[in-house]
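Chains as they are written, first to last, in the numbering used here: chain R, 1 to 103; chain F, 1 to 103; chain W, 1 to 103; chain Z, 1 to 323; chain E, 1 to 323; chain C, 1 to 323.
Ideal Cβ placement from N, Cα and C applies to all residues, glycine included.
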Amino acid sequence: MEMHPAKRVEIVIEAAMASRLTDAIFEAGVTGYTVLPVLGGAGRSGRWTREGQVSRAAGMVVVICLVREERVDTLLEAAFKVVERHIGVVSVNDCGVMRAERF
Amino acid sequence: MEMHPAKRVEIVIEAAMASRLTDAIFEAGVTGYTVLPVLGGAGRSGRWTREGQVSRAAGMVVVICLVREERVDTLLEAAFKVVERHIGVVSVNDCGVMRAERF
Amino acid sequence: MEMHPAKRVEIVIEAAMASRLTDAIFEAGVTGYTVLPVLGGAGRSGRWTREGQVSRAAGMVVVICLVREERVDTLLEAAFKVVERHIGVVSVNDCGVMRAERF
Amino acid sequence: MLDLAAANLLSPIILSFALGLAAAFLRSDLSIPEAVAKGMSIYLLFAIGFKGGAGVAEHGVDLRLIGALVAGLVLSAGLPFIAYALLRALSKIDSLNAAAVAAHYGSISIVTFVAATSLIDTRGIDSEGYMVAVAAIMEAPAIVAALWLVSRTGQTSNTDAGLWREILVNGSIVLLVGSFIIGAVTGKDGLEQISSFIVAPFQGVLCLFLLDMGLVAGRGLRESRGVLGGGAVAFGLLMPPIGATCGLAAALLLGLSTGGTVLLMALAASASYIAVPAAMRVALPEANPSIYLTLSLGVTFPFNLTIGIPLYATVAQAVNGGG
Amino acid sequence: MLDLAAANLLSPIILSFALGLAAAFLRSDLSIPEAVAKGMSIYLLFAIGFKGGAGVAEHGVDLRLIGALVAGLVLSAGLPFIAYALLRALSKIDSLNAAAVAAHYGSISIVTFVAATSLIDTRGIDSEGYMVAVAAIMEAPAIVAALWLVSRTGQTSNTDAGLWREILVNGSIVLLVGSFIIGAVTGKDGLEQISSFIVAPFQGVLCLFLLDMGLVAGRGLRESRGVLGGGAVAFGLLMPPIGATCGLAAALLLGLSTGGTVLLMALAASASYIAVPAAMRVALPEANPSIYLTLSLGVTFPFNLTIGIPLYATVAQAVNGGG
Amino acid sequence: MLDLAAANLLSPIILSFALGLAAAFLRSDLSIPEAVAKGMSIYLLFAIGFKGGAGVAEHGVDLRLIGALVAGLVLSAGLPFIAYALLRALSKIDSLNAAAVAAHYGSISIVTFVAATSLIDTRGIDSEGYMVAVAAIMEAPAIVAALWLVSRTGQTSNTDAGLWREILVNGSIVLLVGSFIIGAVTGKDGLEQISSFIVAPFQGVLCLFLLDMGLVAGRGLRESRGVLGGGAVAFGLLMPPIGATCGLAAALLLGLSTGGTVLLMALAASASYIAVPAAMRVALPEANPSIYLTLSLGVTFPFNLTIGIPLYATVAQAVNGGG
Ligand SMILES: Nc1ncnc2c1ncn2[C@@H]1O[C@H](COP(=O)(O)O)[C@@H](O)[C@H]1O
Ligand SMILES: Nc1ncnc2c1ncn2[C@@H]1O[C@H](COP(=O)(O)O)[C@@H](O)[C@H]1O
Ligand SMILES: Nc1ncnc2c1ncn2[C@@H]1O[C@H](COP(=O)(O)O)[C@@H](O)[C@H]1O
Ligand code: NA
Ligand code: NA
Ligand code: NA
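In C-alpha cells, the structure reads:
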C-alpha cells in the first residue's frame with residue numbers, strides 16, 4: 001500500500017471556539033477535518049469534566065486535520081490566530097496518508 | 001521504560017461501515033482496535049455534524065489500530081478494500097508501544 | 001510557525017481506572033492531559049461496546065498527554081504502574097507543539 | 001376544510017417543526033443531543049408499536065391483516081419504479097442516484113406515520129391497529145427493488161449477507177414489530193399499566209422530536225443549497241400524492257377503515273430518512289447522500305406533514321363517505 | 001412566614017439541589033450524562049415558554065407587555081454597571097474579570113425563573129404569561145454593557161459578527177421565544193394536547209435538573225476553592241437583593257401583578273450561567289471562568305433558590321397588599 | 001398460581017426484556033444510547049428512593065428498620081461465603097474468579113428490586129418503605145467479604161483509600177439514599193408534587209430500561225459463549241433461591257410484612273451488575289469480567305425476573321398466610 005507523507009495536526013480547543021477554528025483552517029486551504037468530543041481534561045487552567053454540563057462554556061473538542069506538508073505552515077498560522085488568546089494545545093506529527101489526491 | 005516500535009493506524013470511516021472495517025482488520029490478523037465517536041467533520045463531501053441525528057447514515061467514527069510494523073501492510077490492504085468506495089481517510093504514523101507481546 | 005519537539009502519549013484505559021491514571025501522571029509532573037470517550041473496541045479480552053451500558057465497569061477512555069521529551073520516561077513509569085495489572089494499551093509518538101512554555 | 005387545514009398547520013406539532021427549521025435558518029446553535037434524539041425515536045417507536053398491538057388485541061384480527069401486509073409489500077417494492085421513472089423524467093439526476101432516491105420513496109418514514117396517527121386521533125377517526133405491522137413490512141422491500149434497478153443499469157452495489165441482515169433486523173423494524181407483539185399479547189391490561197408513559201406524554205415528545213427534525217432538515221437544506229434543481233424539488237412534491245393515490249387504491253381494494261386508509265396513504269406517500277439512507281451508504285456508496293436526504297427530509301417530509309396528511313385524510317373521508 | 005420559608009427549603013426541588021451539592025462534596029461519582037442534562041434543559045425551556053405563551057393567549061396582551069420588555073432591557077443593560085462598581089468596591093478582582101462577572105448579573109438564569117414560577121404556583125399567585133418574553137429579552141443586553149465597560153478600561157474584546165449572532169440567536173433564546181410563540185398561537189387547545197407532557201411531569205424533571213445543577217455547582221466549588229475571596233462572596237450574596245430591588249421598582253412602575261413582580265425580581269436578581277459564560281469565553285478569553293462561574297452558579301444561584309425567591313415573593317406580596 | 005406466573009411472564013416489563021434479548025440474538029443494531037440508559041437508571045433510582053421515603057413518612061418508622069438494616073448488612077456480608085463455596089463446588093472456576101462472582105451475589109441488583117416492587121404492587125401487597133434503605137446498605141458489604149476471601153487465598157487485591165470511597169459513595173447508593181431522605185422529609189406533599197413524574201410513567205420507563213438490559217445481557221451472552229460451563233450456569237440458577245431462602249429467614253425473624261419479605265428475598269437473591277463489577281475492575285483486575293457479568297446479568301437476572309420473583313412472592317404469601 002503506498003502511503004504519501006503528510007502532517008497530522010491535532011488541536012484541543014474550547015467548544016465555543018471550534019467553529020471559528022474550522023472556518024479559519026478552511027480559509028487556509030485545508031480540505032478537511034474531523035472533530036472529536038472530549039470528556040474532560042486538565043491544564044494550566046485547572047481540571048474540568050463535561051459531565052452534567054449544559055453550557056458550551058465549559059467544554060473542549062479535538063480537531064484533527066490531515067494536510068500535505070507544504071500546507072501545514074499556513075494551517076498552523078491560521079489556527080494560531082484563533083487559539084492565541086485561548087486555552088488549548090496544538091500538536092503536529094508526521095504521518096502517511098492513503099489517497100493523497102484528497103489532501 | 002522500554003518501548004517497542006509499532007505503527008498507529010487511524011481510520012475515519014462512516015459509522016455504517018465500521019463493523020465491516022473491524023471485521024476486515026480482524027481477519028487481517030490485527031489483535032485489537034479502539035473506536036472513538038466523532039462529533040462532526042468536513043471533507044470533499046461537505047460538512048456534517050452529529051447533533052440531533054437519529055440515523056447511522058450521517059455519522060462517522062475513528063478506528064485506531066496499533067500494529068507491529070510487519071503487519072501494517074496487511075492491515076492497510078484489508079482496510080483499503082473496505083474504505084475504497086467510501087468517504088473517509090486513513091493515516092499511519094510511527095509510534096512506540098509498551099507491552100509489545102500484546103500486538 | 002515554530003514548533004517544539006515533544007512526545008504524545010496515548011493511553012487506552014478502563015474508565016474505572018481513569019482517575020487513578022490522571023492522578024498518577026499529575027504526580028509525575030505532567031502539566032495537562034485530555035480525556036476522550038471511547039465507543040468500543042477489541043483486544044485480548046474480547047470485543048465490547050458502550051451502547052446501552054450503565055456501569056462504568058465496561059467502558060474505556062483514551063487519555064492523551066503531550067509532554068516534553070525529558071519528562072516522558074517519568075510519565076510512562078507512572079502510567080505503567082497504573083495500567084500494569086489492567087487491560088489497555090499505551091503508545092507514544094514524536095510530535096511538535098506550539099507554545100512550548102506550557103508543557 | 002380550510003379550517004381543518006389551518007388547525008393542522010397551527011398545531012403544536014407542526015409549529016415545533018417550523019421552529020426547528022427557523023432556528024436552523026437563523027443559524028442558531030439550538031440543538032438536541034444525538035442521544036436524546038435517539039431516545040425520543042425509541043420512545044415513539046415503542047409507543048406506536050405497543051398501541052397498535054393493543055388495538056389488535058382489543059378489536060381482533062381479520063383476514064384483511066394479511067391483505068394489508070401484502071399490499072404494503074407490493075407498494076414498497078413497486079413505488080420505487082414509479083419514483084425512478086418520474087425522477088429521471090423530471091430531473092437530470094443520474095441513474096445511480098435516482099435509484100437511491102427511489103429506495104427512499106418506496107420505503108416509509110415512521111414519523112410521518114405517527115403524525116398521521118395523531119391527526120386522525122384529533123379528528124376522532126379510528127384505524128386498524130395492525131397498520132403498524134404494515135409500516136414495518138414496508139421498510140425493506142423498496143431497497144431490494146432499488147438495488148435491482150441499479151443492477152439493471154449495469155452498475156454494482158455492495159451487497160453482502162451482512163447488509164440484508166442489517167436491513168431486515170434494523171433497530172426500528174425490530175422495535176416496532178417487537179412492541180407491536182408485546183402490545184398484542186398484553187392487550188388492554190398492558191396498555192393500562194403503561195399508558196401514562198406511552199399515551200399521555202406522546203404528543204409532547206412528538207413536538208420535541210419534530211423540533212429536532214426541523215433542525216436537522218433545516219441544516220441539511222442550508223448545507224446542500226444548489227444540490228437539488230427545480231425538477232428534483234418538483235419530484236419531491238409530486239411523488240407523495242402519487243404514492244398516496246396508490247395507497248388509496250390498495251386501501252379501497254382491501255376495504256380498510258377510513259383511518260386505515262389515511263395511514264396507508266401516508267405510508268405510501270412518505271420517504272424514509274433513517275433506515276434506507278444507512279443502507280444506501282453501505283450498498284451504493286457512490287450515490288450522493290445530499291440528494292436523497294435533502295429530498296426525503298427537506299422536501300417530502302415537510303410537505304407531508306403540513307399539506308399531505310390533512311389532504312389524504314380529507315380525501316379518505318370523502319371516498320369512504322365518512323365524517 | 002417562617003413556615004413558608006421552611007416549606008420552601010424542604011421542597012423536593014431544593015432538597016434535590018442539596019443532594020447534588022452533597023454528592024459533589026462527598027466526591028461521589030454520581031453524575032448526569034451531558035446529553036440528559038441538555039435534554040432536560042430543552043424540556044424546561046420548551047415547557048416554560050409554551051405555558052407562558054398559552055397564558056398570553058388566554059388572558060390577552062396589554063400595553064404593559066411592551067413596558068415590561070423595555071424594563072427588562074433596561075435592567076439587563078443597567079445592572080452590569082451596578083454589579084461592576086460593587087464588585088470592584090468589595091474585592092480585588094481586576095477590571096476585566098469584574099466586567100465579565102457584571103455581564104452575568106445583568107443577564108438572567110432561566111432555572112431561577114423556573115424555580116420562582118414554581119414557588120408562586122405553589123402559593124397560588126398568578127402571573128403574566130409574557131414574563132417569559134421578558135426573560136428572553138434580558139439575556140443579551142448585559143453582554144453589550146459589559147463589553148462597553150471593558151473597552152472603556154482600554155482593554156480589547158474579541159467581538160466579531162459571529163459573536164453577536166451567537167448571542168442573539170443562542171439556543172435558549174430561540175427555544176424560549178419560539179415555544180412562547182407556539183403557546184400563544186395554539187393557546188388553550190395546544191396546551192391541553194401536550195399538558196401531560198409539559199405540565200404534569202414538570203416539577204419532577206425540575207428536581208432532577210436541580211440535582212444536576214447541585215452536582216455541577218458542588219464540583220465547581222470544590223475545584224475552585226480559594227478563587228473567591230470574602231469580598232467576592234459578599235458580592236454574590238448582596239447583588240441579588242440589589243437586583244431584585246431594581247426589579248421591584250420597575251414592576252411597581254409598570255403595575256405588574258404580584259406574580260409578575262416576583263418573576264421580574266427573580267430575573268433581575270439572577271445571574272446567567274449558560275449563555276453568558278459561553279459568550280465570555282469567546283469575547284473575553286483572558287477572564288477567568290472560575291471566578292464568574294463560581295459566583296454565578298456556586299454562590300448566587302443557591303442563594304436565590306433557597307432564600308432569595310421566597311424573600312422576593314414575600315416582599316412582593318407585602319408591597320402589593322396581596323395574600 | 002399458574003395464572004399468576006403466566007400473568008407475570010406476559011407483563012410488558014418481562015416481554016420488553018425478552019424483546020431486548022431477541023434483538024441481541026438476531027444481531028439487530030437496536031440499541032439505547034448510553035446516556036439515555038444512564039438517564040433512565042437515574043430516574044428509576046430517584047423514583048424508587050423517593051417513594052420509599054414517602055412511604056416511611058406516611059407509615060412511620062419502627063424499630064424493625066434497624067433490624068432490617070442489620071439483616072441486610074449480614075446477608076450482604078454472609079452470602080458471598082455461601083456463593084463462593086457453592087461455585088467452587090459446582091465448577092472449575094478458580095478462587096480469584098469465584099471470589100469476584102461471590103461479591104456480586106452478596107450485593108444486590110436494584111432493577112430486580114424494582115421489578116419485585118412492581119410485582120407486589122400489581123398483586124396489591126404492601127411493603128415497608130424503608131426496604132429501599134436496606135437495598136442501599138446491601139450494596140457494599142459483599143465486596144469487603146469477597147476481598148477478604150481473596151486475601152485468605154494468598155492473592156492480592158488493589159485496594160486503596162479511593163476504592164473504599166468509590167464503593168461507599170458510589171452514584172447509585174448516594175442517589176438512592178438521598179432521594180429516600182428527600183421522600184421521607186417532604187412526605188405525602190412532596191410525593192403529590194412530583195407523582196406525575198415518578199409514579200405515573202414509572203412502569204413505562206421500566207419497560208424501556210429492561211429492553212436495554214435485555215439488549216446488553218443478550219450481547220454479553222453472545223460475546224461470551226463458552227465462558228461458562230454447565231456448573232457455573234447451575235450456580236447462577238441455584239444461588240438465587242438459596243439467597244432468597246436466607247432473606248426469607250431474616251424476614252421471618254424480623255416479622256416483616258409480606259411485601260417486605262418478598263423484597264428482602266429478592267434483594268438477597270439478586271446479583272449486582274453495576275456497582276460491584278466496577279469495583280472488581282479496580283480491585284481484582286485479573287478476574288475475568290465475562291464470568292461475573294455473564295452470570296449476574298445473563299443468568300441470574302433473567303431467572304429472578306421471570307421465575308424467581310413470582311416464586312418468592314408466592315412463598316412469602318404462603319408463609320405469611322397472606323392472599
Ligand atoms: N499537556 C497536555 N496534554 C494534553 N492535553 C492538554 C495538555 N495541556 C492542556 N491540555 C488540554 O487543553 C485544555 C486547556 O489547557 P490549558 O490551556 O493548559 O488550561 C486542557 O483542559 C486539556 O484538555
Ligand atoms: N484532511 C482531513 N483531515 C481530517 N479529517 C478529514 C480530512 N478529510 C476528510 N476527513 C474526515 O473524513 C470525512 C469524509 O471525508 P471526505 O471523504 O473527504 O468527504 C470528513 O467528514 C472528515 O471527518
Ligand atoms: N492493537 C490495539 N490497537 C488499538 N487499541 C487496542 C489494541 N489492543 C487493545 N486496544 C484497546 O484496549 C482495550 C483493551 O485491550 P486488551 O487489554 O487487549 O483487552 C481494547 O478494548 C481496545 O479498546
Ligand atoms: Na413511501
Ligand atoms: Na440578573
Ligand atoms: Na444478593
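Residue-level contact to chain R via CB, residue i, 8 Å cutoff
i       : result
ALA42/F : yes
ALA16/W : no
ALA36/W : Residue identity differs from the one stated: residue 36/W is Leu in this sequence, not Ala. Yes, LEU36/W lies at the interface with chain R (some Cβ there is under 8 Å from its Cβ).
PHE80/F : yes
Closer than 8 Å to chain F by CB, residue i
i        : result
GLU286/Z : yes
Chain E contact for residue i (CB, 8 Å cutoff)
i       : result
HIS86/R : yes
SER28/Z : yes
LEU15/Z : yes
Check whether residue i and residue j have beta carbons under 8 Å apart
i        : j        : result
ARG222/E : PHE25/E  : yes
ALA268/Z : GLY255/Z : no
LEU75/W  : VAL30/W  : yes
THR49/R  : GLY40/R  : yes
HIS86/R  : MET3/R   : no
VAL262/E : ILE125/E : yes
VAL67/F  : ALA6/F   : yes
Same chain, Cβ closer than 8 Å to residue i, neighbours up to 5 away in sequence not counted
i        : result
PHE50/C  : SER179, PHE180, ILE182, GLY183, GLY190, LEU191, ILE194 and ILE198
LEU90/C  : GLY231, ALA232, ALA234, PHE235 and LEU238
LEU168/C : ALA140
PHE303/C : GLY236, LEU237 and PRO240
Same chain, Cβ closer than 7 Å to residue i, five either side skipped, listed in chain order
i        : result
ALA283/E : LEU147, SER157, ASN158, THR159 and LEU163
LEU19/Z  : LEU211 and GLY214
GLY323/E : With a pLDDT of 46 at GLY323/E, under the threshold of 50, the predicted position of this residue should be treated as unreliable, and no value is reported.
THR294/E : GLY220, LEU221, SER224, VAL227 and LEU228
ALA115/E : ILE13, LEU305 and ILE309
ASN170/Z : ALA275
Any chain W beta carbon closer than 8 Å to residue i
i        : result
SER19/R  : no
ARG68/F  : no
SER290/C : yes
VAL63/R  : no
Contacting residues, own chain, Cβ-Cβ under 6 Å from residue i (five flanking each side not counted)
i       : result
ALA37/E : ASP212
Closer than 8 Å to chain C by CB, residue i
i        : result
ILE194/Z : yes
VAL319/E : no
PRO11/E  : Reading off the sequence, residue 11/E comes out as Ser, not Pro. Closer than 8 Å: yes.
Residue i at chain Z interface by Cβ criterion, 8 Å
i       : result
PRO33/C : yes
With a floor of 4 residues, list each alpha helix (DSSP H) that falls wholly inside the stretch 97 to 166 of chain C, ordered by position along the chain. As for any alpha helix (DSSP H) of minimum length 4 sitting wholly inside the stretch 97 to 166 of chain C, the runs are 110 to 122, 131 to 137 and 141 to 152, ordered along the chain.
Hey, which residues come within less than 7 Å of ligand 2, measuring from Cβ to any heavy atom, in chain order? Cβ-based neighbours of ligand 2 within the cut-off: VAL30/R, THR31/R, GLY32/R, TYR33/R, THR34/R, ILE64/R, CYS65/R, LEU66/R, VAL67/R, ARG102/R, PHE103/R, VAL12/F, VAL38/F, GLY41/F, ALA42/F, GLY43/F, ARG44/F, SER45/F, GLY46/F, TRP48/F, MET60/F, ILE87/F, GLY88/F and VAL89/F.
Which complete alpha helix (DSSP H) runs does the stretch 238 to 301 of chain C hold, if anything under 4 residues is left out? Runs of the alpha helix (DSSP H) inside the stretch 238 to 301 of chain C: 258 to 269, 275 to 283 and 289 to 293.
Which ranges would you report for the alpha helix (DSSP H) in the stretch 204 to 242 of chain Z if only whole runs of at least 4 residues count? Fully contained in the stretch 204 to 242 of chain Z is no alpha helix (DSSP H) run of length 4 or more.
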